[in-house]
Amino acid sequence: MFDSLSTGFQAAFKSIRGKGKLTEANMRESLQTVEQALLEADVSYSVVQSFMEHVTEQALGRRVLLSLRPDQELIRIVHEELVKLLGPVDNSLHLKKDGCTVLMLCGLQGSGKTTTCGKLAQLLMEQKVRPMLVAADLQRPAAIEQLKVIGKTLGVDVYADLENKDPVAVCQAGVKQAQASGAQVVILDTAGRLAIDETLMGELKRIDRKMSPDQVYLVVDGMTGQDAVNSAGAFNEALELNGVIMTKLDGDARGGALLSVKQITGVPIKFIGTGEKFDALEVFRPEGMASRILQMGDIVQAAREAHRIVDERDREEMERKMASGEMTLDDFKNMLEKVAKPGLMGKMMSLLPGMGQMKELLDSDEATGGIRQTIGAINSMTAQERRNPKIIDAQRRARIAKGAGVQSPVITQLVKQFEMMKPLMQGMAGGGTAERAKMLQQLQSGNLMNDLSMRGMKSKKTTGKRLSNDERLKLRKRREKELRQAKRKGR
Amino acid sequence: MAFWKGKSQAPDEDPPPTSLLARMRTGLRKTRDVLNTDIRDLFKSEGRLVDDPFLEELFARLIRTDMGVGPATTLRDQVAEEFRGRVVKLEEVLTNISRQTEKMLSGQSNALFEAPSGPTVILVVGVNGSGKTTSIAKLANNLHRSGKRVLLGAGDTFRAAAVEQLTVWAGRIGCEIVTGPPDADPASVAFRTAQRAADEKFDVAVIDTAGRLQTQTHLMQQLDKIRRVVGKQVEGAPHEVLLVLDATAGQNAISQARGFSEVAGCTGIILAKLDGSAKGGVILPIHQQFDLPVKFIGLGEGLDDLAPFDPKSFAEALF
Ligand SMILES: Nc1nc2c(ncn2[C@@H]2O[C@H](COP(=O)(O)OP(=O)(O)OP(=O)(O)O)[C@@H](O)[C@H]2O)c(=O)[nH]1
Ligand SMILES: [Mg+2]
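From first to last, the protein sequence lines stand for chains Z and H.
Sequential numbering from 155 applies to the first sequence in this note's numbering.
Sequential numbering from -1 applies to the second sequence in this note's numbering.
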């Protein structure tokens, strides 16, 4: 087993040689792939261009972990930059301490404003905040009726005036009534309009001037294409937005328009809509959205995880030990324990360059059994024996074997192979060349990274799919907490 | 107006109404003025050298129409092949790409199928908020104006006030409508619509459906049920299944076309909201991948804002 293990490592080292850094040459193809992926996700062309420039700048010269191929390292960087661009997170509705906070929703026709009104109302009610809705869409037939039905379903007051044809007047009257009735938040549902419709944009500006809402949110359809920069830009210019809500993300839309919207407006993304029901409003998480836009969830998560578990101090310590030949069976056991975790193991292994055979080998029950056996044997040793296996004589060997439930030749072999590996590792670590040190460090991460927790894996699910009841409950709890915090902050 | 592929009349011989076309042009001109996204900006009056920077700019403009990487690459490469290294005039390149696009989009009739006997049943489907109900109103209005007896079916029993919305339109048009109680089975409303259309000898029945995402298998199956139910009432129904796409949609529209075609058997597309700054270029890849002609375009929220699709003017307006 040790034989194949070291062969595997050696193969891996070969494949990384000369690829230790991201260069224009080894990134070119991957950059093109990423660019195309972003365009296909509906990120606006101009946004893609400036983003790609930025990523290239960030990536050039970056070291590639052994655990990743250059393209995977690049994707990790892309993901990281996407997250930065989509953030920072601010889910607060910035409710006022006293009096009535006025929220206004605006957007193109059919983007989901009215439904979102209902969802926000529900969210507020969960926080014991009393909302009221104002039906200011006087354009679309039965839009008022739609909001009324939603209000009735949720048990929320709706202000509507079927006679009045002036949305500004309706909003004024609505807010007045909300204040009188003691509602803490009033949400204005405005009519959908085209960003290039000067008359209707003028009307929206008038509402904005007259009402001076505390928060103005743009509601954007998750399926929007290249036009997102134009429409979001126009709405932002007319109104000075405070936030964005993207809807209809329960389908298979990649939602790249959100990147365009964020880039052009610079305002935080508040929530995403993930269904037609009123509880299908999730707080925005940049990580999930970035993975969704790239549609490379698995690779991104694994790559991020690999980075996360490389503990710098551990790495240096291990490196020093290996270089000085001080590495003990204890250290070795630590490495093995990380490798021996089933399931995740294989997944991570497949990400290692040149680790194809290793993956198969280690994935088998036999191999994990072997590793477990080795770990068991080391566990049966005394601290002294682990530090210095040379003292293991026939008597000690028999004791260890008995404790581990194996035949004593297994112990002989283990000690022998460990002694063989030591100089190999020392050679790699102590060779003095920068290249070798890098390899070693990367070998480390290659091993350590198997400590892959499910935590990282989960995050990619939350944006797209419907949630289980359990997850819903958790989400609600989280939302409640966030809102509480948000409310405190807002005061 | 050539909405009907009449058996006696020759298909689409009338040009689309000029007022609408003019309006579309005005809309697009407005977009250009405001957003400065015209291909014309790539050129100076003395023409321009077709080199790599030029081709990249051209590619950017093509992408901005939402046609996607595939068609944009094809068009750019064609221009490169024909013009590279030459100083060209705007008209030359424009003519080239418009003609290519037009070619990509033509070949299918945009006329509505008319049932040989009995009522023609039209089912309208699409994702949430794409413009189904409004498009139905416009279509019904057009047919009504051309002397057909039109019956609407309020098959969206899910969304709040969707029935009221269509009822308001029916009142404005002056046509009949079949509705069900809230939360009724949409298939039963569709059934009753088809039945009444047959019994009372309507010329055409247009059935609205609730918006749904193509990934919602359960809701998609519902469309299949509606299809079967109306098919039992009227022979060959639904004769048309029109997918309403939002012109502001990006590449997801391809997935929509695929999903709705597979389950609901779409026969054509209505491209709504083309009066905005979005260009709806995604119908190019859709046209290439599926056998789905665009039949109408939506150009506003009013009853008259519907025009038959014309590949030529669409292609010209794209750039
Ligand atoms: N500017 C413009 N707006 C349109 C057009 N077609 C529809 N709309 C608007 O888009 C919004 C949504 O239209 P609906 O017809 O209700 O869409 P729908 O697909 O029936 O929506 P759901 O039933 O909620 O899924 C409304 O405000 C319409 O007025 C169009 O061609 N141009
Ligand atoms: Mg509708």
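Every residue gets a Cβ at the ideal spot worked out from N, C-alpha and C, and that includes glycine.
Annotated three-state conformation of H/G279 is coil, per DSSP.
In the three-state DSSP reduction, Z/D362 falls in the helix class (H, G or I). Beta bridge pairing from DSSP links Z/V209 with no other residue. At the C-beta level, Z/K424 and Z/I399 come within 8 Å of one another. By a beta-carbon distance limit of 8 Å, Z/C260 does not contact Z/T353. Their separation comes to about 15 Å.
By the CB criterion at 8 Å, Z/V421 and Z/G397 fall inside the cutoff. Checking the DSSP bridge columns, you'll see Z/I399 partnered with Z/V373, Z/F425. Per DSSP, H/A262 is one residue of the alpha helix (DSSP H) stretching across 250 to 262. Taking one beta carbon from each stretch, the region 144 to 158 of chain H and the region 188 to 199 of chain H have 3 or more pairs nearer than 8 Å; the two touch. Z/P295 reaches chain H at Q163, V166, W167, counting residues in chain order whose Cβ is nearer than 7 Å.
Listed in chain order, the non-local C-beta contacts of H/A196 below 8 Å within the same chain comprise G116, P117, Q231, V232, local neighbours out to five positions each way being set aside.
For Z/L262, at least one C-beta of chain H is nearer than 8 Å to its own C-beta.
Exposed is the label assigned to H/D181, since fewer than 16 other Cβ atoms lie within 10 Å of its Cβ. Ranked by Cα distance from Z/G253, the first of Z/D351, Z/D547, Z/V243, Z/R284 is Z/R284. Contact annotation: the region 291 to 300 of chain H touches the region 99 to 119 of chain H, with at least three C-beta pairs closer than 8 Å. Here H/H216 is exposed. Its C-beta has fewer than 16 other C-beta atoms within 10 Å. At a cut-off of 8 Å between beta-carbon atoms, Z/Y199 makes contact with chain H. Here H/A158 is not near H/L221, since their CB atoms are 8 Å or more apart.
Short of 6 Å from the beta carbon of H/G229, and not among the five residues preceding or following it, lie these beta carbons of its own chain, in chain order: A235. Exposed is the label assigned to Z/K282, since fewer than 16 other Cβ atoms lie within 10 Å of its Cβ. If you check the C-beta of H/R157 against ligand 2, you find a heavy atom less than 7 Å away. Secondary structure remark: continuous beta strand (DSSP E) runs of at least 3 residues inside the region 282 to 313 of chain Z, in chain order: 285 to 290, 311 to 313. For Z/M258, the uninterrupted beta strand (DSSP E) run begins and ends at 255 to 260, by DSSP. Listed along chain Z are M377, K402, G405, each with a C-beta nearer than 8 Å to that of H/V125. For a cut-off of 8 Å, the C-beta gap from H/L290 to H/A255 is around 6 Å, short enough to register as a contact. For the pair of segments examined, the region 194 to 210 of chain Z was found to touch the region 404 to 421 of chain Z: the number of CB pairs separated by less than 8 Å reaches three. Membership of Z/D351 in any alpha helix (DSSP H) is not indicated, and neither H nor E is assigned to it by DSSP. By the criterion of at least three beta-carbon pairs nearer than 8 Å, the region 317 to 324 of chain Z is not in contact with the region 225 to 237 of chain Z. When DSSP states are grouped into helix, strand and coil, Z/G336 belongs to the coil group.
Here the alpha carbon of H/R84 sits roughly 39 Å from the alpha carbon of H/A305. Residue range 215 to 231 is occupied by the alpha helix (DSSP H) that includes H/K223.
For the 8 Å CB-CB criterion, Z/A290 and Z/L342 form a contact.
A distance below 6 Å between beta-carbons, with the five flanking residues on each side excluded, links Z/Q263 to the following residues of its chain, in chain order: G346. Between the region 158 to 170 of chain H and the region 114 to 134 of chain H there are three or more inter-stretch CB-CB distances shorter than 8 Å, so the stretches are counted as touching.
Separation of the CB atoms of Z/P440 and Z/L568 is rounded to 47 Å, and the pair is thereby denied contact status at 8 Å. Scanning Z/L257, Z/S445, Z/R294, Z/G305 for the CA closest to the CA of Z/R230 turns up Z/S445.
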